[in-house]
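A.B. asks: In the numbering used here, the protein residues as written are 7 to 278.
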């Protein structure tokens with residue numbers, strides 16, 4: 007499937023900028039199941055300083071905000087070819103060892119509620135794929151998808167206790183419980199082509215768990231499926247903070263994201 011993507015982020019500083027850097031993880035990965043045909047990043051009131059690969063093999067672009075600016079716009083657009091591998095990414099790669107995805111972070115750390123669900127799942131010694139699909143379904147049954155109920159700093163246990171959240175919360179809960187069961191798990195940020203619309207107000211998030219014999223396998227808790235050709239992987243990490251699309255460093259001012267526009271649609275492939 008050939009997907010056309012356009013992602014625009016507009017944010018505002020509460021005072022004219024003296025010095026500010028923004029770290030962008032907005033470039034899709036070259037990985038099993040997807041090839042990047044073209045990708046462009048454009049900036050208003052900012053410019054690129056450097057691009058590097060982080061510990062999770064994410065492409066990171068560091069941009070500097072123009073002195074005196076208060077509004078910045080980052081626009082990414084490009085074309086990606088995707089293939090359906092039933093969510094299987096395969097072997098582990100990256101600069102972090104596999105065991106680093108077994109330890110909890112402040113965002114994934116389980117509390118009483120998540121520990122109770124982990125006990126209900128069993129010890130994890132049987133069919134791992136079946137277990138992980140059961141876990142995904144149990145999380146969605148307990149935590150309904152509800153926008154506006156949580157925020158970027160909400161922890162997995164907080165969302166679990168609330169019983170409501172969005173894809174980021176579902177991912178953190180899944181990761182926290184999988185790690186409790188001794189299964190390495192990681193967070194994925196990216197894009198999903200929706201069947202009923204092109205325009206969206208955010209990207210998407212899901213998870214991957216490491217299964218012996220298969221490697222990394224994806225699970226989208228919010229939609230109850232493993233990722234298919236409609237998904238584009240952008241960044242991965244131990245939790246949202248490792249894979250956040252935009253994070254910033256500023257002096258004497260603070261920034262607020264005003265609006266995010268995402269458009270994902272299928273393009274027709276020209277036959278040769």
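We put the CB at the ideal spot given by N, CA and C, even for glycine.
Does the distance from the C-beta atom of residue 205 to that of residue 267 stay below 8 Å?
C.D. replies: Reading the chain shown from its first residue, position 199 is the one you call residue 205. Reading the chain shown from its first residue, position 261 is the one you call residue 267. Closer than 8 Å, so yes.
A.B. asks: Closest to residue 222 by C-alpha separation, out of 243, 203, 202 and 9, would be which residue?
C.D. replies: On the chain shown, position 216 is the one that residue 222 refers to. The residue with the shortest Cα to Cα distance from residue 222 is 243.
A.B. asks: Tell me residue 47's beta-bridge partners as DSSP assigns them.
C.D. replies: Counting from one through the chain shown, the residue named residue 47 turns up at place 41. Beta-bridge partners assigned by DSSP to residue 47: 82.
A.B. asks: By DSSP, does residue 187 sit in helix, in strand, or in coil?
C.D. replies: Translated into positions along the chain shown, residue 187 becomes position 181. The answer is coil: DSSP assigns residue 187 none of H, G, I, E or B.
A.B. asks: From the DSSP output, read off the bridge partner residues of residue 42.
C.D. replies: What you label residue 42 is simply residue 36 of the chain shown in a count that begins at 1. DSSP lists 86 as partners of residue 42.
A.B. asks: Beta-carbon within less than 6 Å of residue 263's beta-carbon, same chain only, minus the 5 sequence neighbours each way: which residues are those?
C.D. replies: Mapped onto the chain shown, residue 263 falls at position 257. Correct list, in chain order: 17.
A.B. asks: Can you give the Cα-Cα distance for residue 155 and residue 173, rounded to whole angstroms?
C.D. replies: For the purposes of this step, residue 155 is taken as residue 149 along the chain shown, with counting starting at 1. For the purposes of this step, residue 173 is taken as residue 167 along the chain shown, with counting starting at 1. So the alpha carbons of these two residues sit roughly 12 Å apart.
A.B. asks: On the CB-based measure, 16 or more other CB atoms within 10 Å of its CB, does residue 122 come out buried or exposed?
C.D. replies: The residue labelled residue 122 in the question sits at position 116 within the chain shown. Exposed: under 16 other Cβ atoms inside 10 Å.
A.B. asks: Nearest to residue 201 by alpha carbon, out of 272, 148 and 137?
C.D. replies: Counted from its first residue, the chain shown places residue 201 at position 195. The shortest C-alpha separation from residue 201 is found at 272.
A.B. asks: When you compare each of 44, 239 and 255 to residue 37 by their alpha carbons, which one comes out closest?
C.D. replies: Residue numbering aside, residue 37 sits at position 31 when the chain shown is read from its first letter. It is 239.
A.B. asks: Among 269, 150 and 88, which one has its Cα closest to the Cα of residue 176?
C.D. replies: The count along the chain shown starts at 1 and reaches residue 176 at position 170. Ranking 269, 150 and 88 by Cα distance to residue 176 puts 150 first.
A.B. asks: For the alpha helix (DSSP H) that contains residue 19, what are its first and last residues?
C.D. replies: Within the chain shown, residue 19 is the residue found at index 13, counting from 1. Note, residue 19: premise wrong, no alpha helix (DSSP H); beta strand (DSSP E) at 8 to 19.
A.B. asks: Residue 161: buried (16+ other C-beta within 10 angstroms of its C-beta) or exposed?
C.D. replies: Within the chain shown, the letter at position 155 stands for residue 161. Per the 10 Å Cβ criterion, buried.
A.B. asks: On the DSSP bridge list, what partners appear for residue 237?
C.D. replies: Taking the chain shown and counting its residues from 1, one reaches residue 237 at position 231. Answer is 198, bridged to residue 237.
A.B. asks: Using CA coordinates, which residue listed in 7, 73 and 102 is at the minimum distance from residue 21?
C.D. replies: Position 15 of the chain shown, counted from the first residue, corresponds to residue 21. Of the listed residues, the one whose Cα sits closest to residue 21 is 73.
A.B. asks: Just to confirm the assignment, what range does the alpha helix (DSSP H) spanning residue 124 have?
C.D. replies: Position 118 of the chain shown, counting from 1, holds the residue named residue 124. Here the alpha helix (DSSP H) through residue 124 covers 118 to 127.
A.B. asks: If you follow the alpha helix (DSSP H) that residue 249 is part of, which residue opens it and which one closes it?
C.D. replies: Within the chain shown, the letter at position 243 stands for residue 249. Where residue 249 is concerned, the enclosing alpha helix (DSSP H) stretches over 246 to 249.
A.B. asks: Closest to residue 157 by CA distance: which of 178, 138, 143 and 142 is it?
C.D. replies: The residue you call residue 157 lines up with position 151 of the chain shown. If we check each option's Cα against that of residue 157, 178 comes out closest.
A.B. asks: With the cut-off set at 8 Å, would you say residue 182 and residue 115 are in Cβ contact?
C.D. replies: One-based indexing of the chain shown puts residue 182 at position 176. One-based indexing of the chain shown puts residue 115 at position 109. With respect to residue 115, residue 182 sits close: the two C-beta atoms are nearer than 8 Å.
A.B. asks: Taking C-alpha atoms, which residue in 19, 34, 15 and 28 lies nearest to residue 9?
C.D. replies: Mapped onto the chain shown, residue 9 falls at position 3. Comparing Cα positions, the closest option is 34.
A.B. asks: What is the rounded straight-line gap between the Cα of residue 75 and the Cα of residue 214?
C.D. replies: Looking up residue 75 in the chain shown gives position 69. Looking up residue 214 in the chain shown gives position 208. In a straight line, the C-alpha of residue 75 is about 39 Å away from that of residue 214.
A.B. asks: Give the single residue among 110, 184 and 107 whose Cα lies nearest to the Cα of residue 144.
C.D. replies: Translated into positions along the chain shown, residue 144 becomes position 138. Checking every option, the nearest Cα to that of residue 144 belongs to 184.
A.B. asks: Tell me the rounded alpha-carbon separation between residue 166 and residue 120.
C.D. replies: Here the question's residue 166 lines up with position 160 in the chain shown. Here the question's residue 120 lines up with position 114 in the chain shown. Residue 166 and residue 120 have their C-alpha atoms some 7 Å from each other.
A.B. asks: DSSP on residue 113, reduced to helix/strand/coil?
C.D. replies: Counting from 1 along the chain shown, the entry for residue 113 is found at position 107. Residue 113 falls in the coil class under three-state DSSP.
A.B. asks: Of all the beta strand (DSSP E) runs that stay within the bounds of the segment 125 to 168, which reach a length of 3 or more residues?
C.D. replies: none
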